[in-house]
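Below, the structure written as structure tokens:
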């Protein structure tokens, strides 16, 4: 079974630009979550999508958005990039939350550098 | 609301020595507990988990963790570490019932194994 795939792995942007990151979950997983990881703040939850609907949202500004497609693939978008958005963005998938034990399967992440 | 405290941000240890990484949590409901490991430039991988039953859980690479409900702890131990165990370790907790869930992660402990 293929794991969680995130693209691109690395990218460099400048302030004010926008970026779109992609995540393909494990086949059969319907929940996709996004996390931001930085040395100072650790792992911070961005949002979770389930069956194309945002089910949970973390405490991030509206510049951070996401969506999920009918095949469970997900994208997240950050607009008007700031230097502080430089981070490793991790995607994680899991089974149906109602039956799930909460175990997450992570991708290798997309490392974003904002100059 | 749940919270997770990893008491040590960094734990240096010599190869073949024992190690304990500490994790305490707070929650008003029953929980599932997890340890994830993150190797450099990779995403998180599940190391072991406690769902129910025996309070001592083991991983395939020699780590073990014990759920202590009275002390609300889930410390991770290994009797003899290897250089390859050098990584970031994250403790996480989710509630054990209810539909939607979002795991809460600790800030992480960097295990550094010296030769």
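Protein chains in written order, with the numbering used here: chain E, 160 to 274; chain U, 46 to 160. We put the CB at the ideal spot given by N, CA and C, even for glycine. Note that the structure is a prediction, hence the values are computed from the model and not measured.
Three or more Cβ pairs drawn from the segment 258–268 of chain E and the segment 135–154 of chain U lie within less than 8 Å of each other, which places the two stretches in contact. Residue-level contact check: residue 50 of chain U does not touch chain E, since none of the beta carbons of chain E fall below 7 Å from its beta carbon. Linking residue 215 of chain E to residue 206 of chain E through their CA atoms gives a straight-line distance of about 5 Å. Listed by position along chain E, the residues whose Cβ is nearer than 8 Å to that of residue 139 of chain U are 260 and 261. In the structure shown, residue 233 of chain E falls within a strand segment according to DSSP collapsed to helix, strand and coil. The segment 123–135 of chain U makes contact with the segment 80–93 of chain U, as at least three CB pairs between them are under 8 Å. Against chain U, the CB of residue 205 of chain E has no partner CB under 7 Å away; the residue lies outside that interface. Closest in alpha carbon position to residue 254 of chain E, among E:223, E:269, E:226 and E:208, is E:208. Annotated as proximal: residue 64 of chain U and residue 123 of chain U, with beta-carbon spacing under 7 Å. Assigned with DSSP and collapsed to three states, residue 201 of chain E falls in strand. Between residue 271 of chain E and residue 235 of chain E, the C-beta gap is not smaller than 7 Å, which leaves the two residues out of contact.
The contact set of residue 94 of chain U on chain E, defined by CB atoms closer than 8 Å, consists of 260 and 262 in chain order. Per the DSSP secondary-structure output, residue 158 of chain U pairs in a beta bridge with U:58. Using beta-carbon distances, residue 87 of chain U counts as an interface residue toward chain E, with a partner under 7 Å.
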